[in-house]
Each structure stands twice: as C-alpha cells, then as structure tokens.
Ligand code: GAP
C-alpha cells in the first residue's frame, strides 16, 4: 500500500521508532532520535549489511576510522574546494533555498544536478520561478555554500585548529588503504567496508529522516586493477540489489538512475543511483560510483606517501581504481518501513496494521504473552529468560490477548509465544505467526530452535 509521509512519520512516532530530537526543549530542527524499536531495526539493517559485505564476502575487510581527521584530508579529497551546494536567498521573506532544487521543483524534466551557477540563474530568471515560501520573485545572486561542519580542535583559542566533521566515511578508508592492505595481507582486488556517522550542513534538509545533517553511511571502497573497474561496477551493483531484495524492499519501488556525462562528479567515470519510491516520490537510496584512482592519487600527492600497489606476481606497480557502493542507513530505514507497512481488514471487520518485515529485520523476533496475567506470569517470565538469551524478545502481560497480538503485528514481531494452562501442565506453548496468523504447539525444549528457524534471513 502507499503511505503518505505524514502517516509514516506519525506511525514511527506513535510506536517508538523515531522521535523528534530534543523534543522536550521544542526540538532542534532536523534532528531525530531512534526509540526502542528504531534502534533495533537500524542495528539489524547494519548487522545484516556487515554480515553480507564483510563476514561472508571473500573480498572485503572492515574498518572503523575516526570522524575527526587531519584537515588536509579534505583539501586532498576536493571537499574544501568543491563540496558545495548552490544557495539562493529570497530577499522578501529571507528564506534560503538550493537553486538546483528550485529548478527541479519547477520542471521535473530538467536535471539541475551538475548545471553551472550561470545556467541555474538563467533558468530561474527566464521562468520567473517564484519563492516557494512567500511567492515573491526577488532573489539574491546564487552563491556556493560549503556543506562541511567546521569545529575547533584544542582548548586554547589562539592555538585551536580548525577541523571538520567528516561529510563521508569514504576518506577514512582511503587514508588507511596501505595500513589495511599491509596488515591484512590483502591482494587487489579487495575492499574495505565501514559503517559510521557523517555530517553535512544541508541547506534544505527535508522529508523527515531522508535528508538530515547527521546521518549514518555504510560504504565500501573496493580496490581493483585499472581497466577491470566496469566489471566490478556491475558486480557491486548486482550485490547491492540482492541485499535490498533479501531485506524485503519492494522491488516495484526500485529503479536505476545512471548519471549522464554532465552529471558525473569530477572523479567518476560511471555512477548509478539505486532510487526508491518514497512517499514523496523517487529519490536516491544507494549510490554506486566508479571513482577511478582519483582519491588515492590525491592522497598520495598531498601526504607524499607512496600509495601504489605492487602486484606480487607480475611486480607491476599501479594506483588501484575504486568502486564505491555507498548507502545511507536512514534512507534504508525509511524504505524498509514503507515497503513493509500494510493494513488489512479482518473477518471481524477490524483493521489490523501488519508490518510485514522480514523476520531477520524485525526489531523483536518474539513476544512472550501470558494468557492470564496472574496464573501464567511466572511460567511466562521463565520462558522469556530462556528465549531472550538467543533473540530479541518482548514481554507483555497487559490487556486482552487479541489487542496484544495486534500491537505485535503492528511493530512487525513475526512470532507471538503464548503461555496458557497447557504450558503449566505439559510444558508446551503456542507459537502464532504474524502474517498467516497460524498457530502451532511447541515443546519447551524445541522453542529456541523453532524460533531461530523461523526468524533467520
Ligand atoms: N562517499 C560517497 C558519498 O558520500 P553521496 O551520494 O553523497 O556519496 C551516499 O552519499 C549515500 O549517503 C546516499 O545515497 C544517501 O543514502 C546517504 N546520504 C547522503 N546525504 C545524506 C543526508 N543528508 N541525509 C541522509 N542520508 C544521506
């Protein structure tokens, strides 16, 4: 089914997935906190990604590099000079806009990404694109705005050094290329994967958690021999799509956007975005870019460290080319929830929300529910203790059993485990499955294996 953005935001807030940041102080614009269900869902998405792309990959190893880096990193990477967005101010209401977004909102057929400031200015003037906030047509000239967050290192003002919060995790990987290659004895082709926070001072953050100033990325920098990069590009694009399929993204809401030459970043010879149809329309979920040898060459130049790789068989020396699949955790979170949310009308006429998450992705795998609080509580708590050692388990004894089932359906819990009189007498329990609503009876000693079988990826 198709949800509106408002419905999705309300759902995530009401059930404890996402809260507004610093809410009791009136919030801080565009910051979000992840509640008990949100943190579990996020962790599951990250863990499955890590397992797929690090643990099970014959090619990749992991890394956790620092958010604060030597500022020369960002000169070498090109971020100081060109990590900018075109900013335009409305003189009438003082609101700020991204000039490229104004153009695209006016005419969706124009690909404003990659257009020069002169071209953007010309289109805005010729079409008299008015301010989306107040309707006036009275803008300042377009100027560039660097998206990196600047802060100071050190406590004494005069000595403090200006540094940046990283705007992508990728550069932490590039500067560690030699360390990882040498210590892990990796041979090209190989990749380094990392999950971590990135920060961008976005001019117009919007659409809930889609574009935020603080977000998390899951990135792989895959190093290969020059000339083999297109083959590896296809390999990683396919692997990315397989992962999305496995975690339950709706295939019909996915499309590919291969960048045209004028849209390519200066370092890229091919880029394809995997887009998802969010409630507000199609937009980028996962970028797969062929980054040539740009990053390693620039870091070699600025650091004066030799970053060449020597082929152990042919002794040939070269700077590897790089394929980079880069995915935002929050965008994945949004698309997974959007794909899973359903509403069904039951025979009783009641509507049930069923969050059809893949069991491996679901925040809780099992909910333990004593049928009658006073009579079954003790046994239920004992079972909770046993099952919770293996999988995330929720315990709920409040209210009618039907309502407790409905709540678990709505948050995607694949199995409800009910404790009743038979459980006390014969040590057997009812397992009720979320999607089919079928029930089976299972002996206590088989509980964990049965639950694990039904909740593995
Ligand atoms: N290292 C390459 C890189 O950072 P990007 O296209 O700028 O490329 C990669 O970002 C991914 O990070 C995007 O596809 C998106 O999922 C996520 N992302 C980027 N900016 C974001 C923002 N402001 N808020 C949330 N996610 C963002």
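Numbering (our numbering), first residue to last: 29 to 485. Yeah, the Cβ is synthetic: ideal placement off N, Cα and C, and Gly gets one too.
Closest in C-alpha terms to residue 147, from the list 226, 106, 124 and 171, comes 171. Boundaries of the alpha helix (DSSP H) around residue 357: 357-368.
Residue 76 sits in a helix when the DSSP states are folded into three classes.
Counted as a single uninterrupted DSSP element, the alpha helix (DSSP H) harbouring residue 261 occupies residues 257-274. According to the DSSP secondary-structure assignment, residue 290 is paired through a beta bridge with no residue.
Between the segment 211-229 and the segment 84-97 there are three or more inter-stretch CB-CB distances shorter than 8 Å, so the stretches are counted as touching. Counted as a single uninterrupted DSSP element, the stretch harbouring residue 182 is not any alpha helix (DSSP H), since DSSP gives it neither H nor E.
Sixteen is the threshold: since fewer than 16 other Cβ atoms of the shown chains lie within 10 Å of the Cβ of residue 481, the residue is exposed.
When secondary structure is reduced to three states using DSSP, residue 383 falls in the strand class.
Just measuring C-alpha positions, the residue of 49, 114 and 409 sitting nearest residue 60 is 49.
Of all alpha-carbon atoms in 453, 84 and 432, the one lying nearest the alpha-carbon of residue 445 is that of 432.
Within the same chain, 104 come within 8 Å of residue 329 by CB-CB distance, once the 5 residues on both sides are set aside. By the neighbour-count criterion, in which a residue is buried when 16 or more other Cβ atoms sit within 10 angstroms of its Cβ, residue 469 is exposed. Here residue 310 carries a strand assignment [DSSP, helix/strand/coil].
Under the 10 Å beta carbon count, residue 309 is surrounded by fewer than 16 other beta carbons and is classified as exposed. A Cβ-Cβ separation of about 17 Å leaves residue 388 out of contact with residue 436 under the 8 Å criterion. Listed in chain order, the non-local C-beta contacts of residue 128 below 8 Å within the same chain comprise 113, 114, 140, 141, 143 and 148, local neighbours out to five positions each way being set aside.
For residue 65, the distance from the CB to the nearest heavy atom of ligand 1 is not below 7 Å. In this model, residue 245 and residue 275 are separated by some 17 Å (Cα to Cα).
If you check the C-beta of residue 320 against ligand 1, you find no heavy atom less than 7 Å away. Residue 366 is not a Cβ neighbour of residue 397, given a cutoff of 8 Å.
The Cβ-Cβ distance between residue 45 and residue 65 falls below 8 Å. No heavy atom of ligand 1 is found nearer than 7 Å to the CB of residue 410.
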